[in-house]
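Student: Residue numbers (this note's numbering): 4 to 359.
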Amino acid sequence: MAEPLIRSVLVVGGGGFVGSHVVRALLLEPDCDIYVASRTPNNHPDQDGRITYMTADVTDEAQLTALFSTINPQVVIHTASPSPTAPADVLERTNIEGTRNLLKVSAASPETRVFVYTSSDSALVPTQEPISEEQGQLYTAQHYSNPYGKSKGIADALVIAANSPTLRTATLRIPVVYGDYDYKNLLPQLLGSIKRGAHRIQIGSDIKVFEFCHAHKAAEAHVLAAKALLRLDSGSYDGPRPDGQGYFISDGKPQPFFEFMRRCYAAAGVPVGPNEVKVIPLYVMQVVSSCTEWAFTILTLNYKRPTLRRQNIDHLDRGCCWDISKARERLGYRPVHDQDEAIQSMMKWGMENIGV
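In structure tokens, the structure reads:
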């Protein structure tokens, strides 16, 4: 069966970390028209002349309708999301209502056939036992969860429910992402910890395991998902159906969070030996972060938010452990071959482009 061609694609949020890597992966596709939409397209780093950058706000349905009527995308890849620590109303407006708007406009567009959504490990109830997608439980409006996790879980379910013969949908549930071209997320935090001498600190027991995913593979998974969904239009597709599904995407190497961090520090030339680790109990940091947030609320009338957030500390008590077999079988996904090499490449890029 011939490989389906992606003729035109709209990457919503294509200026973000994962979104920009998706765009780079799409640049390898022949004769593919690539459109990147965000609220501030002129602020994207590393812009490329082969890409058309456009202004769009997912909370504005009329603006989205006008955008789709202009570019008629065959594929929509929705990577946009506010920061996990954004206010609850912003998360609901963007992740839930924005996703609903995009789905509505995509379904009404006669040229749009595929919708791929970037979901998150935060969208699911955490587990330490290896689970498949069918065993995973998405957060709903009834769950007690942080606003980010709940909004991503609800959006994930919306995308899966929107699957139809005319609009094939899939969600990619992605954990902690690491890699080059990371200006705001994990990489700057790692380099900042080294600079402050905080790389020896460990919060909590570091027993629970987490999934990690190299940015290049996260991006590749989006392209594979789009092609798998387009393949359904061939008329001769006879494998397990890839549409209307959520997929776990990771390196397939669950490990303790700070163990992974220390591998990154070692790759930067600052290894931390077992006797050098300074452990701060999780509950201590939970209390400290809660008090810090309370103080900022009182002293700044909630106009400013601290860098240290209780939500970030609580995340260290979550963890996740996934079976990525379905992504392998239905999308053709293959995780990174050498995680050590990928970590070394990230840290080298970071030290050369961001600095310590």
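Ideal Cβ placement from N, Cα and C applies to all residues, glycine included. No experiment lies behind these values; they were computed from the predicted model shown.
1. What is the rounded straight-line gap between the Cα of Asp-246 and the Cα of Lys-281?
2. Going by beta carbon distance, what residues of the same chain come within less than 7 Å of Leu-60, once the five residues before and after it are set aside?
3. Looking only at its chain, what residues have a beta carbon closer than 6 Å to the beta carbon of Pro-150, apart from the 5 residues adjacent to it on each side?
4. Which runs of the alpha helix (DSSP H), 4 residues or longer, sit entirely within the region 172-245?
5. By Cβ distance, which residues of its chain are closer than 6 Å to Ala-222, with the 5 residues on each side in sequence left out?
6. Gly-276 by DSSP, collapsed to three states: which one?
7. If I measure Cβ to Cβ from Lys-329 and keep anything under 8 Å in the same chain, skipping five residues before and after, which residues do I get?
8. Tell me whether Thr-303 is buried or exposed, calling it buried when 16 or more other Cβ atoms sit within 10 Å of its Cβ.
9. Would you say Glu-296 and Arg-321 are within 7 Å of each other, going by their C-beta atoms?
10. Where does Arg-199 land, buried or exposed, given buried means 16+ other C-beta within 10 angstroms?
11. Between Tyr-336 and Ala-224, which are expected to be in contact by the criterion C-beta below 8 Å, what is the C-beta distance as a whole number of angstroms?
12. Using beta carbons (cut-off 7 Å, strictly below), is Cys-35 in contact with chain B?
13. Could you have a look at Pro-150 and say whether DSSP puts it in helix, strand or coil?
14. Nearest CA to the CA of Leu-285: which residue from Lys-256, Pro-76, Asp-317 and Phe-260?
15. Whole angstroms are fine: how far does the CA of Ile-327 sit from the CA of Asp-254?
16. Taking DSSP as the reference, what is the three-state secondary structure of Val-108?
17. Quick check: the Cα distance between Tyr-142 and Pro-129, rounded to an integer number of angstroms?
18. Sort Leu-193, Leu-175, Gly-152 and Ala-126 by Cα distance to Gln-21 and report the nearest one.
19. Thinking C-beta only, is Arg-265 closer than 7 Å to Val-273?
20. Is Gln-342 helix, strand or coil by DSSP?
21. Apart from the five residues on each side of it in sequence, which residues of its chain come closer than 6 Å, Cβ to Cβ, to Arg-234?
22. Would you give the residue range spanned by the alpha helix (DSSP H) that Tyr-286 belongs to?
23. Once DSSP output is grouped into helix, strand and coil, what is the label at Gly-255?
24. Quick one: Cα of Asp-183 to Cα of Ala-270, how far?
25. What span of residues does the alpha helix (DSSP H) with Leu-70 cover, start to end?
26. Quick check: Val-119 and Ala-173, are their CB atoms within less than 7 Å of each other?
Tutor: To lay it out plainly:
1. 47 Å
2. Contrary to the premise, residue 60 reads as Asp rather than Leu in this sequence. Excluding sequence neighbours, Asp-60 sits near Arg-42 and Gln-66.
3. Ala-91 and Leu-94
4. 189-199 and 218-233
5. His-24, Val-25 and Ala-28
6. coil
7. Ser-135, Glu-136, Gln-248, Tyr-250 and Phe-251
8. exposed
9. no
10. exposed
11. 5 Å
12. The displayed structure is made up of one protein chain only, and chain B is not part of it.
13. helix
14. Asp-317
15. 9 Å
16. helix
17. 10 Å
18. It should be noted that the sequence gives Val, not Gln, for residue 21. Nearest option by C-alpha distance: Leu-175.
19. no
20. helix
21. Pro-7 and Tyr-240
22. 285-303
23. coil
24. 14 Å
25. 64-74
26. yes
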